[in-house]
């Protein structure tokens, strides 16, 4: 995969952009780094503070953003969320062996049919995955499928109801082979940050 330049973001090609709280860029046939997290993985007061700060930043910066502005955005917001997730706050139900296996099965369910998986890791309260949707398939639909299947199965296993996943996920089109290798290394290193939960993390390569 790393040598196929067609998999990476092309600034000259058509892209679809939509936004909720986060920006989402879509280009057909690209590889994405995706993070989706449990709804209780970040304390509510932290999440509210982040939303306020992010909105203030957006009001102060006009699109299209420069490379330097994107880097600033990442360091101020995305990197901070990753740090909070690695603190393993919340219920951390994905550390339950059955729940973790449900996550694995969801990711693998249509690998090679609707999408191509690269590296992934299931952490106690979030999942990172590198994925390339097949032509004609939107990343949003793939994520909805994963989250819907796992939410029903995990809630049934735990005899609980209600929201399991945070509604919005983070996704980023990989820019280059070097960028891809950085994400692979990040995924591989992530379990070491889970502290007492490290033994319950699941890597594709393990």
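Numbering (the numbering used here), first residue to last: 34 to 239.
The beta-carbon is built from N, C-alpha and C at its ideal position, and this holds for glycine as well.
Given the structure is predicted, the values throughout are model-derived calculations rather than measurements.
Flag this pair as yes or no: are the beta carbons of residue 159 and residue 99 separated by less than 8 Å? no
So the candidates are 170, 166, 85; which of them puts its Cα closest to the Cα of residue 150? 166
Touching or not, the stretch 76-83 and the stretch 113-131, by the rule of three or more beta carbon pairs under 8 Å? yes
Please look up how many angstroms separate the CB atoms of residue 205 and residue 66, rounded, as I've assumed it's under 8 Å. The Cβ separation is near 5 Å, so the contact holds.
Would you report the Cα separation of residue 237 and residue 84, rounded to the nearest angstrom? Their Cα atoms are separated by approximately 32 Å.
Beta strand (DSSP E) containing residue 166: first to last residue? 159-166
In three-state terms, what does DSSP make of residue 206? strand
Beta-ladder partner(s) of residue 70, from DSSP: 159
Can you tell me which residues form a DSSP beta bridge with residue 154? 161, 236
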